[in-house]
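Novice: Numbering-wise, the working numbering comes out as the position in the sequence shown, counting from 1, plus 5. Virtual Cβ for every residue (Gly too), placed ideally from N, Cα, C.
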Amino acid sequence: MKKFLISMIIGLTALLGAPVFATQLPPEVKNYVMLHSPDATIRFDGLITLPDGTFYLPLLPAYTAKDVDFGVKFTYPQNKAFEKKPEIVVFTNNFCLLKLIKTKDKTLTVTSLKDLPIEVRTGILPQDLLVPKGLVLPDSLVGILGDLNIPLTSNLKITSKQQIPQDFSKKEDLPQAPKKVQVIPELKDKQFFITNFNSNLIYILPSEFQDVQYTLKLDSIPRVIKEVYGNYLLVATNGKTYIDVVDIKNEEIAKQIDIGAVIDEMIITQNEKTAYLISHSNSYIYVIDLPTMNFTKQIQIKGLPEKLNISADETKLIYQDSANGDIYSVELKNNYVNIYQCTVPNISKLAILGDKVYVLSRTRNALRIFPYQEFVVEKTAQDKSVMGSRKSFYMKSAFIAKGSAIKNMHKEEKAALEALNYVEEGETVETSVKPVDMLAYKNKLYILSAINNSIDVFNPQTNSVETTIPLRVAGFSSKFNQLKNSNLVIVTNVAEKKYVVFDLEKLSVLQINPIDVQMSTLTVIDKSKIGNTMNKSTQPKQQQNKTENL
6 MKKFLISMII GLTALLGAPV FATQLPPEVK NYVMLHSPDA TIRFDGLITL PDGTFYLPLL
66 PAYTAKDVDF GVKFTYPQNK AFEKKPEIVV FTNNFCLLKL IKTKDKTLTV TSLKDLPIEV
126 RTGILPQDLL VPKGLVLPDS LVGILGDLNI PLTSNLKITS KQQIPQDFSK KEDLPQAPKK
186 VQVIPELKDK QFFITNFNSN LIYILPSEFQ DVQYTLKLDS IPRVIKEVYG NYLLVATNGK
246 TYIDVVDIKN EEIAKQIDIG AVIDEMIITQ NEKTAYLISH SNSYIYVIDL PTMNFTKQIQ
306 IKGLPEKLNI SADETKLIYQ DSANGDIYSV ELKNNYVNIY QCTVPNISKL AILGDKVYVL
366 SRTRNALRIF PYQEFVVEKT AQDKSVMGSR KSFYMKSAFI AKGSAIKNMH KEEKAALEAL
426 NYVEEGETVE TSVKPVDMLA YKNKLYILSA INNSIDVFNP QTNSVETTIP LRVAGFSSKF
486 NQLKNSNLVI VTNVAEKKYV VFDLEKLSVL QINPIDVQMS TLTVIDKSKI GNTMNKSTQP
546 KQQQNKTENL
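1) Rounded to whole angstroms, what is the Cα-Cα separation between T80 and I283?
2) Report yes or no: do three or more beta-carbon pairs, one from the region 251-261 and one from the region 219-238, lie closer than 8 Å?
3) Please go through the region 207-258 and give each complete beta strand (DSSP E) segment of 3 or more residues, from N-terminal end onward.
4) Alpha carbon to alpha carbon, what distance is there between I53 and P43?
5) What does the Cβ neighbour count give for N498, buried or exposed, with the cut at 16 atoms within 10 Å?
6) Could you tell me the boundaries of the beta strand (DSSP E) in which K306 lies?
7) Quick one: Cα of G359 to Cα of I47, how far?
8) Q483 to I495, Cα distance in whole Å?
9) Assuming L113 contacts P137 (C-beta within less than 8 Å), just tell me the rounded distance between them.
10) Starting from the C-beta of A328, find all residues in its chain whose C-beta is less than 8 Å away, skip the five residues before and the five after it, and write them out in chain order.
11) Return the CA-CA distance between S581 and V505, expressed in angstroms with no decimal places.
12) From N370 to T467, what does the alpha carbon distance come to, in whole angstroms?
13) Tell me where the beta strand (DSSP E) around K104 begins and ends.
14) Closest by CA to N486, which one among V364, I315, Y345, K231?
15) Please report the Cβ distance between I456 and V438, rounded to the nearest whole angstrom; I am assuming they are in contact, meaning their Cβ atoms lie under 8 Å.
16) How many whole angstroms separate the CB atoms of Y281 and I264, which I take to be in contact at a CB cut-off of 8 Å?
17) When burial is assigned at 16 or more other CB atoms within 10 Å of the CB, is R373 buried or exposed?
18) Do you know whose CA, among I474, K321, L55, Q275, lies nearest K254's CA?
19) Enumerate, from N- to C-terminal direction, the unbroken beta strand (DSSP E) stretches of 3 or more residues contained entirely within the region 335-376.
20) Per DSSP, what kind of secondary structure is Q40 in: helix, strand or coil?
21) Select from G58, L62, T274 the residue whose C-alpha is nearest the C-alpha of V141.
22) Would you list, in sequence order, the uninterrupted beta strand (DSSP E) runs of no fewer than 3 residues that lie entirely inside the region 54-141?
23) Buried or exposed: which applies to P32, given that a residue is buried once 16 or more other Cβ atoms fall within 10 Å of its Cβ?
24) Measuring only the C-alpha atoms, how far is E510 from S491?
25) In this structure, does DSSP put V34 in helix, strand or coil?
26) Look at the alpha carbon of T59 and the alpha carbon of I93, and state the distance between them as a whole number of angstroms.
27) Mapping DSSP to helix, strand and coil, what is S454?
28) From V95 to C101, what distance separates their C-alpha atoms?
29) Give the straight-line distance between the Cα atoms of G76 and K195, rounded to the nearest whole angstrom.
30) Where I129 and P91 are concerned, what is the direct C-alpha to C-alpha distance, given to the nearest angstrom?
31) Checking the sheet assignment: what are the DSSP bridge partners for A445?
32) In three-state terms, what does DSSP make of E191?
33) Are Y324 and K338 closer than 8 Å when you measure CB to CB?
34) Comparing C-alpha positions only, which one of S533, K532, T528 sits nearest to I199?
35) For K78, collect the residues of the same chain with a Cβ closer than 7 Å to its Cβ; drop the 5 residues on either side in sequence, then sort them by chain order.
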């Protein structure tokens, strides 16, 4: 008994003193929940939501029983199957689940059972838990709180001050007679999440409607918004140095990821495991591990980055230094080496496809094409400081040569001249007027023209624009919005309240639909998949934040 108490105290101390990461349910607990409720949602902080809206709080055990066959040790009411939603579930590894119960005064509580199992009384709530609104715990469960501020039945007059501000609220905005539109089959059962640059609202409407059905309020105007897993939105807002993780199903901010900088752009990998972010005001790329929603590292780069993009094979990032127009790549599988590629002013989009760098020039109405420059291994320790920059390497060798190196000046000047000439190299292909966006799809590039309201189809094999398809709209076309795992894109327009559905395979306009709100960003989510988040069997590693200086 004494050993049991010592183990329990040590385990509890370790839980309270450990750094806070996203809570991961034990695989056997997660598998049990998904087996008995396949459509359940397991949030980053461990909160479990069943399809009918039932919530379960996870209780981390004071000590984990080892070498036991996993199963259910106890339920209340006794012997009640999980499908019947018991108030308490205690597993043989001492992990517990507590069901949230609605009271008559519309608050939330948990079981009123007085003789609680020791596994419940000695457990602890995840310390990164976003406390459900209105939760009040019985006095007998004070020991499970840790550092969480949750009111007890004896102090109901105390307002629970939560770590995450609850400005994110639902605002009903239903008109008297919703305007419906006929959509193609591929757009049915989709939900549109729309933002613009003059409001702190996310406008939400089903794809079958023309007008906004309701809005969700953020604490500032959104700068960038990305969907993850079909159930979460990552939102960066003006003046805020954190990323809001919006839980779409429960309509709340599930977590805030503190980056330490105001984020302007974000790229999500196809496998949805990693997000890369940049701020236009500093020289870093920030990395978020998406399965845990943790900020894991920042990578130092050259210049002030903008126009961030990722190569088609997702091994390289590319961006432009806003200070001088220099374009750099970052090799993700080569120690994040930073390589100078070329210099092009006034660009609208970058892409790496195969062994070429494609630069969309909005002022010259052209696509500039450059061979991808591999990392240059410098010859001396002094040269290594240029971090693989071909341009800087040649320039430094030519103009900082001293001593015995003077005799090689003519040779170095020639090399420097070649480097300068390289900046002006590259093939130029004419595009439609005012190209604003570019999308790589199946080894071709699709270029959106804002003035002509058309799409150029560029073939890298022939280095030519094969065809140009008019979109049959007026206004100012602004952006491609590709439907996930689809050959369809939605083209938004900043002047016309219309959007175009375009088929990349058939090279044709499938539909033009009206919409009652201006669109700066558009996120399209499959309604049938909302709630299936985190059902994948991922076991992410917990990593500490670190800076990598190249």
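Specialist: To lay it out plainly:
1) 48 Å
2) yes
3) 219-222, 227-233, 237-242, 247-252
4) 12 Å
5) buried
6) For clarity, residue 306 is Ile in the given sequence; the question names Lys instead. No beta strand (DSSP E) contains I306, which DSSP labels as neither H nor E.
7) 39 Å
8) The question names Gln, but residue 483 is Ser in the sequence shown. Distance between the alpha carbons of S483 and I495: 11 Å.
9) 6 Å
10) G308, L309
11) As displayed, the chain neither begins before 6 nor continues past 555, which places residue 581 out of reach and without an answer.
12) 19 Å
13) 101-104
14) K231
15) 4 Å
16) That pair is no contact at about 12 Å.
17) buried
18) L55
19) 342-348, 352-358, 361-366, 371-376
20) A small correction: the amino acid at residue 40 is Leu; Gln does not occupy that position in the sequence shown. It is helical.
21) L62
22) 60-64, 77-81, 93-96, 101-104
23) exposed
24) 10 Å
25) helix
26) 13 Å
27) strand
28) 5 Å
29) 39 Å
30) 19 Å
31) L450
32) helix
33) no
34) T528
35) V95, F96, T97
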